[in-house]
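Q: One line per chain: the protein sequences are A and B, in this order. Just so you know, we're using this note's numbering here: the first sequence kicks off at 1 and counts up by one. Just so you know, we're using this note's numbering here: the second sequence kicks off at 135 and counts up by one. For glycine and all other residues, C-beta sits at the position ideal for the given N, C-alpha and C. Sharing a structure here in C-alpha cells format.
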Amino acid sequence: MKKIKKRGKKDELTIHFMPYSEIAYLNSIERIKKILGLVLENRLIILQGRLKPDEETKLIENTMTLIGNIKGFQGVEISTLSGDKEKSLFDRVRHNIARILVGEQDAMTLIGPATAVKEIRKDPKKMELILKRG
Amino acid sequence: MKNWIKRLNDRINRLFKKKKQIKLGFYGPPNAGKTSLANRICQDWLGEDIGTVSRVPHETREIKIKENIVMEQGNKKLEFRIIDTPGIATRIDFEDFIKFGMKKKEAQTRAKEATQGIIESIKWLDDMEAVVVVIDATTNPYSQINITIIGNLAARKIPVLIVANKMDLSKANIKKIIGAFPEYPVVGISTKTGEGIENFYSEIFKLVKSKK
C-alpha cells in the first residue's frame, strides 16, 4: 500500500458531507482510499448511503495496516443507519431494484478518526456521535 | 478392465479417506467470549482448551484451530474443525492496554499484534463453512462490527448462528439481539455458568443441516 501521510490540524475536526454521487463511480479500492484519505485529514465524513459489506471489511483491513504505519493514528469509528427496516415486501423489492440501479443511497454512514470520535451510539432509529473534548 | 480398476481404486479411497470436517468459525468483537465458548466446546468433546482467555481485550491475536471435534446428538454425529479468530475492531490504541497495567512496550506490541490479528480474521472469512457470531449480551448489538461481520457472511451465503453470551449477568438483554438480527437464529448462553450450552449444541446441528 502507498504510504499516506497524516494531514490536517490536530486540534480541528472538519465535518465533511459527502453525497453518494462523490463515490458512485469509484471502484471499491478508490472509495476506501478516498475515505481513509479524508479521515487522515481529521475529517468526520457524513456519507449519503453506505459501503458494501466487502468494502466495510476492506476499510477495516486498510485501517489496521495504517495504524501500524502512521504515528498517532488509532483507527476509525464507523456506523451506518439504514432505512430498510420495517418496510413492506413491495417497498423492499422497489428498494432492491433501486439499489442495483443507483447504489445503496437509502442509508447514512458516519466515518471519523478514532482520535476525535469517542463513540457512535446507535439504535435502529438514530445515531449519536460522541466526540472527545479537545 | 480399466473400469474395474477405477471402481476398486474409488472404493479403497473411500475406505481410507478422512471424514470431512466442517470448518466452524467463531467471530465477533473483542471480549465477547469467543475463546471461552470455543474452549467450552473443545473441553466438552476433546478434553482440552483451544486458547487462553483474559479480561484484557485482544487476548486472541492469531487464528487458533482445533481439529477432529466430534459432536454427538442422539444418533447424529458431526466432525468439526473449530477456528477461533481474533476479535474484530475498527480502532486500536495501545494506551487502552496500559490502563490494564501493561508497560508501554508490551502494550505497543499487543496493539501491533492485534491489528495483524484483525486482518487475519477478515481473510479467513472466505474459508468458513458455518460461523458462530458471539455477541456480549450486555452490550449494544447494533455496533457496526456485528453488522459488518454478519453482512459479509450473508453476502458469502455462509450459515450464521448468533450467540448472546454472558446471559448470567443482570444487564444481559437477548431480546435486543433478536430484534437487531431477526433473520438469524439467536441462542443465549453463559460460558461462565454453562447455561444454554445444550441448546447451543442443538442449534449447531440445525445450522449445519441448513447448510446441506
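(1) Are there 16 or more other CB atoms within 10 angstroms of the CB of Y25 (chain A), so buried, or fewer, so exposed?
(2) Which residues in the same chain as S79 (chain A) place their Cβ atom closer than 6 Å to its Cβ, once the five residues preceding and following it in sequence are excluded?
(3) According to the neighbour-count rule (16 or more other Cβ atoms, all chains shown, within 10 Å of its Cβ), is E337 (chain B) buried or exposed?
(4) Which same chain residues, not among the five before or five after F334 (chain B), have their C-beta less than 7 Å away from its C-beta?
(5) Answer with yes or no whether the minimum CB distance from I318 (chain B) to chain A is below 8 Å.
(6) Using the Cα positions of K210 (chain B) and I35 (chain A), report the straight-line distance between them to the nearest angstrom.
(7) Under a three-way DSSP split, which group does N202 (chain B) fall into?
(8) Look at the Cβ atom of E196 (chain B), then the Cβ atom of P163 (chain B), and state whether they are nearer than 8 Å.
(9) Mind checking F214 (chain B): buried by the 16 CB within 10 Å criterion, or exposed?
(10) Measuring alpha carbon to alpha carbon, tell me which residue in A:V117, A:K58, A:K125 is nearest S209 (chain A).
(11) Could you list which residues in chain A have their beta carbon closer than 7 Å to that of Q278 (chain B), in chain order?
(12) At least one CB of chain B closer than 8 Å to the CB of A116 (chain A): is that the case?
(13) S82 (chain A) by DSSP, collapsed to three states: which one?
(14) Could you please give me the residues that DSSP links to E77 (chain A) through a beta bridge?
(15) In whole angstroms, give me the CA-to-CA distance for L142 (chain B) and K154 (chain B).
(16) For K310 (chain B), I'd like the list of residues in its chain whose CB is within less than 6 Å of its CB, leaving aside the five on either flank, ordered along the chain.
(17) Taking its Cβ as the centre, do 16 or more other Cβ atoms sit within 10 Å of A289 (chain B), making it buried, or is it exposed?
(18) Residue range of the beta strand (DSSP E) that E128 (chain A) falls in?
(19) Would you kindly report the start and end of the unbroken beta strand (DSSP E) that includes A298 (chain B)?
(20) Classify P113 (chain A) as buried or exposed, calling it buried when 16 or more other Cβ atoms lie within 10 Å of its own Cβ.
(21) Can you tell me where the alpha helix (DSSP H) holding D11 (chain A) begins and where it ends?
(22) Does the stretch 242-257 of chain B come close enough to the stretch 266-273 of chain B to have 3 or more Cβ pairs within less than 8 Å?
(23) So, for I226 (chain B): in the same chain, excluding its five sequence neighbours on each side, which residues have a beta-carbon less than 6 Å away from its beta-carbon?
(24) Taking a cut of 7 Å between CB atoms, which residues from the stretch 53-64 of chain A lie near chain B?
(25) Counting only Cβ pairs nearer than 9 Å, list the residues of chain A close to K246 (chain B).
(26) Tell me which residues of the stretch 218-234 of chain B have at least one Cβ-Cβ distance to chain A shorter than 8 Å, keeping chain order.
(27) Is the shortest distance between the beta-carbon of T272 (chain B) and the beta-carbons of chain A less than 8 Å?
(28) Under a CB-based cut-off of 8 Å, is T249 (chain B) close to chain A?
(29) Alpha carbons only, please: which of B:E332, B:Y318, B:K200, B:A314 is nearest the one belonging to S82 (chain A)?
(30) Please classify R145 (chain B) as buried or exposed, where buried requires at least 16 other C-beta atoms within 10 Å of its C-beta.
(31) Please work out which residues of its chain come closer than 8 Å, Cβ to Cβ, to Q278 (chain B), disregarding the five sequence neighbours upstream and downstream, and give them in chain order.
(32) What is the C-beta distance between D218 (chain B) and A172 (chain B), in whole angstroms, given that I count them as a contact (C-beta under 8 Å)?
(33) Measuring only between beta-carbons, confirm whether T282 (chain B) sits less than 8 Å from chain A.
(34) CB I60 (chain A) to CB I284 (chain B), shorter than 8 Å?
(35) Among B:I203, B:Q177, B:K168, which residue has its Cα nearest to the Cα of I156 (chain B)?
A: Let me spell this out:
(1) exposed
(2) L110, I120, K122, M127
(3) buried
(4) V297, V321, I323
(5) Going by the sequence as given, residue 318 (chain B) is Tyr instead of Ile. Y318 (chain B) does not count as touching chain A.
(6) 49 Å
(7) strand
(8) No. Outside cutoff.
(9) So F214 (chain B) ends up on the buried side.
(10) Since the displayed chain A opens at 1 and closes at 134, residue 209 (chain A) lies outside it and no answer follows.
(11) I78, S79, T80
(12) no
(13) Under the three-state reduction of DSSP output, S82 (chain A) falls in the strand class.
(14) DSSP links E77 (chain A) through a beta bridge to A:G112.
(15) One Cα belongs to L142 (chain B), the other to K154 (chain B), and the distance between them is close to 21 Å.
(16) P275
(17) Its Cβ having fewer than 16 others within 10 Å, A289 (chain B) is exposed.
(18) For E128 (chain A), the enclosing beta strand (DSSP E) stretches over residues 126-131.
(19) 294-299
(20) With 16 or more Cβ atoms within 10 Å of its Cβ, P113 (chain A) is classed as buried.
(21) Segment: none, D11 (chain A) is in no alpha helix (DSSP H) and carries neither H nor E.
(22) no
(23) A245, A248, T249
(24) P53, D54, E56, T57, I60, E61, T63, M64
(25) In chain order: I67, G68.
(26) I222, A223, T224, R225, I226, D227
(27) no
(28) Interface residue, yes.
(29) B:A314
(30) exposed
(31) Take Q278 (chain B), set aside five residues on each side of it, and the residues of its chain with a beta-carbon closer than 8 Å to its own are T224, in chain order.
(32) About 4 Å separates the two Cβ atoms, so the contact holds.
(33) By this cut-off, T282 (chain B) is an interface position.
(34) With contacts defined by Cβ atoms closer than 8 Å, I60 (chain A) and I284 (chain B) do not form a contacting pair.
(35) For I156 (chain B), the nearest C-alpha among the options comes from B:I203.
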